[in-house]
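Accompanying notes for the structure given below.
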Amino acid sequence: MLIVEPIKALSDNYIWHIHNHEFSIVVDPGDAEVVQQAIDGKSLVAILITHHHWDHTNGVAELKQQYPDIPVYGPNNSPFELIDEKLSEGDTVSFQQLGIKFNIIEIPGHTLDHIAYINSDSVFCGDTLFSIGCGRMFEGTPEMFNLSLNKLKLLPDETKVYCTHEYTQSNIAFARSLEPNNQALVEYQTQVNQWRQQGLPSLPTTIGREKALNPFLKADDPNMQQRLSDLVRQQVSQPVSAFAALRKLKDTF
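Residue numbers (this note's numbering): 1 to 253.
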């Protein structure tokens, strides 16, 4: 049985640990020490990187020292220098020890070198899509980022979304400022608050939930565009301009 568990790291990061009690894969290891503790005797077979930011890669060098034969997978165009297997859109990666195969899509916007790893029921999407939010736009353009989110929207609704930061509570607060009468958001906020009070992660989320509640996946919704037009006091009538307005509002929320 395949298990996906979060490893808490840094202030609000999750390193995802995929294992079957014998073999392990880790996604975006920003801290080697917590990974070593979580692996706890299992055989590490691969490290998966979604993008180059330090909080996703800072543990790689130390892990490579301990496991010198373990391949590091990551984006083809990444400036991160410790990637052994460079991946582009359309590539596939299989790990027989865990019986898992990932399809690769490119989802730039947060950074230019951002990919997602997709298997039969899950997506590991780094900092592109969060629960009820998305990553900051450090390197990409609104056109690029919106296209990346649209790619993720095409996944089946039941797909589990494993993103890498615990930002859900603040993201919901922003979403409710846009849709104060959205009862589903209120209910989800209550659920997330309960999870966090119990020390539980709010992740994974699902594509279906994000399509229903995440404002950044509603850039093509006329109601959202009208709400944004009212807020920014200029006409917002296209998905790309709606995404840009959303991102600008969230950056200062």
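No residue lacks a Cβ here, since even glycine has one placed at the ideal position from N, Cα and C.
According to DSSP, is residue i helix, strand or coil?
{"i": "Thr57", "result": "helix"}
{"i": "Ser94", "result": "strand"}
{"i": "Val27", "result": "strand"}
{"i": "Tyr167", "result": "coil"}
{"i": "Glu187", "result": "helix"}
{"i": "Ala173", "result": "helix"}
{"i": "Leu124", "result": "First, the residue type needs correcting, since residue 124 is Phe and not Leu in the sequence shown. Looking at Phe124 - three-state DSSP - the assignment turns out to be strand."}
{"i": "Lys42", "result": "coil"}
{"i": "Glu106", "result": "strand"}
{"i": "Asn214", "result": "coil"}
{"i": "Ala32", "result": "helix"}
{"i": "Ile207", "result": "helix"}
{"i": "Asn193", "result": "helix"}
{"i": "Glu85", "result": "strand"}
{"i": "Val236", "result": "coil"}
{"i": "Asn13", "result": "strand"}
{"i": "Glu5", "result": "strand"}
{"i": "Pro201", "result": "coil"}
Just checking my contact of residue i with residue j at CB under 8 Å: how many whole Å lie between their CB atoms?
{"i": "Thr92", "j": "Val161", "result": "So it is not a contact: roughly 20 Å between Cβ atoms."}
{"i": "Phe216", "j": "Cys134", "result": "4 Å"}
{"i": "Gly90", "j": "Ile49", "result": "Contact flag wrong, Cβ pair sits at about 18 Å."}
{"i": "His165", "j": "Asp113", "result": "Actually they do not touch by this definition, with Cβ atoms about 18 Å apart."}
{"i": "Phe80", "j": "Thr57", "result": "5 Å"}
{"i": "Ile15", "j": "Val35", "result": "6 Å"}
{"i": "Pro108", "j": "Gly140", "result": "5 Å"}
{"i": "Ile172", "j": "Tyr188", "result": "7 Å"}
Under the rule that 16 or more other beta-carbon atoms within 10 Å means buried, what is residue i, buried or exposed?
{"i": "Thr190", "result": "exposed"}
{"i": "Arg227", "result": "buried"}
{"i": "Arg233", "result": "exposed"}
{"i": "Ser237", "result": "exposed"}
{"i": "Gly99", "result": "exposed"}
{"i": "Ile3", "result": "exposed"}
{"i": "Ser24", "result": "buried"}
{"i": "Asp157", "result": "exposed"}
{"i": "Ala9", "result": "buried"}
{"i": "Pro180", "result": "exposed"}
{"i": "Asp28", "result": "buried"}
Measure the CB-CB distance between residue i and residue j and report whether it falls below 8 Å.
{"i": "His52", "j": "Ser78", "result": "yes"}
{"i": "Ala175", "j": "Ile105", "result": "no"}
{"i": "Glu62", "j": "Ala38", "result": "no"}
{"i": "Ile118", "j": "Phe138", "result": "no"}
{"i": "Leu246", "j": "Ala219", "result": "yes"}
{"i": "Val123", "j": "Thr168", "result": "no"}
{"i": "Asn163", "j": "Leu203", "result": "Reading off the sequence, residue 163 comes out as Cys, not Asn. It is a contact, given that the beta carbons lie within the stated cut-off."}
{"i": "Leu147", "j": "Glu210", "result": "no"}
{"i": "Met224", "j": "Ala242", "result": "yes"}
{"i": "Met1", "j": "Asn20", "result": "yes"}
{"i": "Glu143", "j": "Val240", "result": "yes"}
{"i": "Arg136", "j": "Asp55", "result": "no"}
{"i": "Gly64", "j": "Leu82", "result": "One point to set straight first is that residue 64 is Lys, not Gly, in the sequence displayed. Taking 8 Å as the Cβ cut-off, Lys64 and Leu82 qualify as a contacting pair."}
Is any non-hydrogen atom of the ligand MG found closer than 7 Å to the C-beta of residue i, if you look at the structure I gave you?
{"i": "Asp31", "result": "This structure simply doesn't include the ligand MG, nor any ligand for that matter."}
Subject >> the region 31 to 49 touching the region 61 to 73, judged by at least three CB pairs closer than 8 Å >> reply: yes
Original post:
Pairing CB atoms from the region 141 to 156 with CB atoms from the region 185 to 203, are three or more of them under 8 Å?
Top reply: Not touching, per the Cβ criterion.
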